[in-house]
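Peer 1: Below: one structure in structure tokens.
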Amino acid sequence: MPLPEITERVPLTLPDGLLDRRSIGWARQPLVNTSGVARDGRRHAGRNKRWEYWGVVTPTHVLALTVSSLDYAAVHEVWVLDRESGRTWGADATVVPARGVELPGSLGDGPARARAKNLAIDLDEVDGGTRLRARTRDVSFDVVAELPPGHERLAVVVPWSDSRFQYTVKDVARPAHGTLWVDGRTVDVPAGSSWAVLDHGRGRWPYDVRWNWGAGSGESHGRVVGIQVGGRWTVGTGSTENAISLDGRIHHLPDELAWDYDLADPHRPWRVTGGGLDATFEPFHTKVTRTHLGVVSSSTDQCFGHWSGTFTPPAAGTDGDAAPEPVRFDGLVGWAEEVHNRWWQPAVGPRSPDDPALGRERLRCRYPSDDDTEVVFGSGPKVSP
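Under numbering that gives the first Met the number 0, the sequence shown has 240 at position 241, and the numbering climbs by one with no breaks.
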């Protein structure tokens, strides 16, 4: 059965905190109210995940920021890449328990903010778009990701079960402009050749998850094109987060795509195919991140590069209509990644009746000062996914 298109506002969760199945589907705008993830979080403590990730590509740099709350920890990052030299700047912070973080209940309902001793991030909805501000000791930027009239944003609910689910908004090809300050220099983020991508997430995740994600934006052959592809984490759920944006209009790809890549040779081209898409990704920089902090274990291989290929939209008319012509694109700057996350589950709060996680973890935290957090993890059986 095809994944239904959601066209009216609907809550993500029921009053008991479980998934409202009316929300399962995809939409062209963020129509799902996700405020219940935080409001009812105590019933499902340790599994609530909320984040905002923004990536901005310019002719000279790549900018990225993350504001997130994983229930028991706040994890943030600011990162900047010089595309020519390969030099990077930035800072990250893991704060246990989660503090110094503010996230709206639903996308667009308010600001997102992160504060840690080595970084500050502010995300604000402004006239015509979203303002992205980030600051570390070495680098800062102030960018507006424009939201053109009629611009569509892919929104999908991915259901693993009634107690494990994710709502994601993947918003590609947002025109961007602003200023970057790095190494004592002021660098323009020029309008017309800079693009922003949003990954907005609200949900309750299993303990162990792997995913692929790829995104790219730009002007190609006279059209504004955005590519949004994902995989692995959606398999078996009936949902996909795959779409092509053409001049601001979303074409959802309901099928799982085939990914071909080799992390042992990170600069080898990646291939993503299926659903009328035949895309090649050629990396120019690889960012490898390994995190093992007890509360979170994460392995990320994120490559930055150029997307090219073709997309053939599905036929929408009668049998007498001509087959749609393939849309060619090249030079779309973006990324492709493989991620493996294991998220800790502290033994706190009641669980939902269908939650198979019966194990217990012990988490002890000590705070030497307001600016420092020392985390000591107790032993105990690991919680089932």
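Note that beta-carbon positions come from the ideal geometry of N, C-alpha and C, so glycine has one too.
Fair warning: this is a prediction, and the values are worked out from it, not measured in the lab.
DSSP on Ala37, reduced to helix/strand/coil?
Peer 2: Helix at Ala37.
Peer 1: Please state whether the Cβ-Cβ distance between Gly229 and Glu240 is less than 7 Å.
Peer 2: Result yes, Cβ atoms of Gly229 and Glu240 sit closer than 7 Å.
Peer 1: DSSP on Arg21, reduced to helix/strand/coil?
Peer 2: Arg21 falls in the helix class under three-state DSSP.
Peer 1: Look at the alpha carbon of Gln390 and the alpha carbon of Ala190, and state the distance between them as a whole number of angstroms.
Peer 2: Residue 390 falls outside the range modelled here, since the chain spans only 0 to 384, and no answer is possible.
Peer 1: If you draw a straight line from the alpha carbon of Arg350 to that of Val332, how long is it in whole angstroms?
Peer 2: Model confidence at Arg350 stands at a pLDDT of 41, short of 50, so the residue's coordinates are unreliable and nothing is read from them.
Peer 1: Three-state secondary structure (DSSP) at Arg231?
Peer 2: Reduced to three states, the DSSP call for Arg231 is coil.
Peer 1: Taking all protein chains shown into account, do 16 or more other C-beta atoms lie within 10 angstroms of the C-beta of Thr178, making it buried, or fewer, making it exposed?
Peer 2: The residue is exposed, with fewer than 16 neighbouring Cβ atoms inside 10 Å.
Peer 1: For Asn47, name the three-state secondary structure that DSSP assigns.
Peer 2: If DSSP states are grouped into helix, strand and coil, Asn47 belongs with the strands.
Peer 1: Can you look up Thr185 in the DSSP assignment and give me helix, strand or coil?
Peer 2: It is a strand residue.
Peer 1: Tell me, please, which residues DSSP counts as bridged to Trp53.
Peer 2: Beta-bridge pairing links Trp53 to Leu64 and Leu197.
Peer 1: Just the C-alpha distance for Leu252 and Glu4, rounded to the nearest angstrom, thanks.
Peer 2: Rounded to whole angstroms, Leu252 to Glu4 spans 12 Å at the Cα level.
Peer 1: Taking the straight line between their C-alpha atoms, what separation do you get for Lys169 and Arg152?
Peer 2: Each residue's alpha carbon lies about 6 Å from the other.
Peer 1: Are Trp25 and Val155 closer than 7 Å when you measure CB to CB?
Peer 2: A contact, by the Cβ cut-off of 7 Å.
Peer 1: For Ala119, write down the residues that DSSP places opposite it in a beta bridge.
Peer 2: Looking at the DSSP assignment, Ala119 forms a beta bridge with Arg114 and Arg134.
Peer 1: Cβ atoms of Ala113 and Val66: under 7 Å apart, would you say?
Peer 2: Result yes, Cβ atoms of Val66 and Ala113 sit closer than 7 Å.
Peer 1: For His250, which residues from the same chain have a beta carbon less than 7 Å from its beta carbon, with the 5 sequence-adjacent residues on both sides left out?
Peer 2: Once the five neighbours on either side are set aside, the close Cβ partners of His250 are Ala242, Ile243 and Pro312.
Peer 1: Ordered along the chain, which non-local residues of its own chain (more than five positions away) have a Cβ less than 6 Å from that of Val171?
Peer 2: If we look at Val171 and ignore the five residues flanking it on each side, its Cβ neighbours are Val196, Ala214, Ser216, Gly225, Gln227 and Ser244.
Peer 1: Measure the CB-CB distance between Trp53 and Leu64 and report whether it falls below 7 Å.
Peer 2: Yes, the pair counts as a contact, with Cβ atoms nearer than the cut-off.
Peer 1: On a Cα-Cα basis, can you pick out the residue from Thr87, Thr135 and Ile120 that is closest to Thr129?
Peer 2: Nearest C-alpha to Thr129: Ile120.
Peer 1: Taking the straight line between their C-alpha atoms, what separation do you get for Val287 and Arg209?
Peer 2: Answer to the nearest angstrom: the Cα atoms are 15 Å apart.
Peer 1: Starting from Ile243, follow the beta strand (DSSP E) in both directions and report where the run begins and ends.
Peer 2: Its beta strand (DSSP E) spans residues Asn241 to Leu245.
Peer 1: For Arg132, tell me which candidate among Trp180, Pro325, Ala92 and Glu337 has the shortest Cα-Cα distance.
Peer 2: Residue Trp180 is the option with its Cα nearest to Arg132.
Peer 1: Straight-line CA distance for Ser84 to Val223?
Peer 2: Going by the C-alpha atoms only, they are around 28 Å apart.
Peer 1: In the DSSP assignment, find the beta strand (DSSP E) that holds Trp258 and state where it starts and stops.
Peer 2: Element bounds for Trp258: Ala257 to Asp259.
Peer 1: Rank Asp126, Asp300 and Asp108 by C-alpha distance to the C-alpha of Tyr260 and give the top, closest one.
Peer 2: The candidate whose alpha carbon is nearest that of Tyr260 is Asp300.
Peer 1: Take Leu106 and list the residues in its own chain whose beta-carbon comes closer than 7 Å to its own, dropping the five residues that flank it on each side.
Peer 2: So the qualifying residues of the chain are Pro29, Val168 and His199.
Peer 1: Quick one: what's got a C-beta closer than 8 Å to Val79's C-beta in the same chain, skipping five residues either side?
Peer 2: Closer than 8 Å at Cβ, skipping near neighbours: His60, Val61, Leu62, Ala63, Thr87, Trp88, Gly89, Val138, Phe140, Leu179 and Val181.
Peer 1: Using a 10 Å radius around the Cβ and a threshold of 16 neighbouring Cβ atoms, would you call Pro103 buried or exposed?
Peer 2: It counts as buried.
Peer 1: For Arg173, count neighbouring Cβ atoms within 10 angstroms of its own Cβ and tell me buried if that reaches 16, exposed if not.
Peer 2: The residue in question, Arg173, is buried, as its Cβ has 16 or more Cβ neighbours within 10 Å.
Peer 1: Got a sec, what are the start and stop residues for the beta strand (DSSP E) Glu151 sits in?
Peer 2: No beta strand (DSSP E) holds Glu151; DSSP gives it neither H nor E.
Peer 1: So the beta strand (DSSP E) Trp212 belongs to, where does it begin and stop?
Peer 2: Taken as a continuous stretch (DSSP letters only), the beta strand (DSSP E) holding Trp212 covers Asp207 to Ser219.
Peer 1: How many angstroms separate the CA atom of Arg341 from the CA atom of Asn211?
Peer 2: The straight-line gap from Cα to Cα measures roughly 15 Å.
Peer 1: Which residues mark the beginning and the end of the beta strand (DSSP E) in which Gly191 is found?
Peer 2: Note, Gly191: premise wrong, no beta strand (DSSP E); not H, not E.
Peer 1: For a test of the three-state rule: what should DSSP assign to Ile249, helix, strand or coil?
Peer 2: Three-state result, Ile249: strand.
Peer 1: DSSP three-state label for Ala72, please.
Peer 2: Three-state DSSP puts Ala72 in coil, outside helix and strand.
Peer 1: Suppose contacts are defined by Cβ-Cβ distances below 7 Å. Is Gly274 in contact with Asp254 by that definition?
Peer 2: Taking 7 Å as the Cβ cut-off, Gly274 and Asp254 qualify as a contacting pair.
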